[in-house]
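Heads up: the sequence shown runs through residues 185 to 331, numbered per our numbering.
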Amino acid sequence: MAIRSDQVHSVSNLPVSENANSLATVESVKNYEAIMVSLLDSADQHKVIAHLNNVPPLEVGDQILVVATVQGMVVTGRIRQQSESAVDGLTYKDGKLNLRAGKSIKIQSGPAFIELSASGKIKVDGKSIYSISEGRHRIQGGTIELN
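Below, the structure is given as structure tokens:
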């Protein structure tokens, strides 16, 4: 989506006071961070200068909360969609550490990774993979392929 210069406004043209929280829509992203947003009920686009540390990866169309500053917009959070779970994240209960995510969880170091997806797929990719068991070591599936 091309942005015309007459659509980009400085913070001084915002219909909010400095440091006021406003709802906005992500109009463009780079590396999963918003770079341009429009306030709700407005077609005017505003430049984003920063994101708070806890803001999740963003996509075009996400609803977000922003703070207007003299320098530009700061994204403070993403509004959860109704279809999203409110409990995604890290919890600790009854001696168990639970990590939940709506789409997938990926643990990566260098090129090696383990990824769990919401569709039920588990990917393990590494130069060498070791699996050790003192008892029975079971591999079970509809079809099992070995080389």
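Just so you know, even glycine gets a beta-carbon here, dropped at the ideal spot from N, CA and C. Please read all numbers here as calculations on a predicted model, not as lab measurements.
Check: What are the residues that DSSP puts in a beta bridge with residue 252?
Finding: 257
Next item on the list: Can you give me the Cβ contacts of residue 321 inside the same chain, cut-off strictly under 8 Å, excluding the 5 residues immediately before and after it?
Entry: 315
Note to self: Just to confirm my understanding: we take residue 328, look at its own chain, exclude 5 residues before and 5 after, and list those with CB closer than 7 Å. What are they?
What the structure shows: none
Check: Short check: CB of residue 247 to CB of residue 210, under 9 Å?
Finding: yes
Next item on the list: Given a cut-off of 9 Å, decide if residue 221 and residue 232 are closer than it, judged by their beta-carbon atoms.
Entry: yes
Check: Would you say residue 268 and residue 245 are within 9 Å of each other, going by their C-beta atoms?
Finding: no
Check: Where do the ends of the beta strand (DSSP E) carrying residue 309 lie?
Finding: 306-309
Check: Between residue 274 and residue 288, which are expected to be in contact by the criterion C-beta below 8 Å, what is the C-beta distance as a whole number of angstroms?
Finding: Actually they do not touch by this definition, with Cβ atoms about 15 Å apart.
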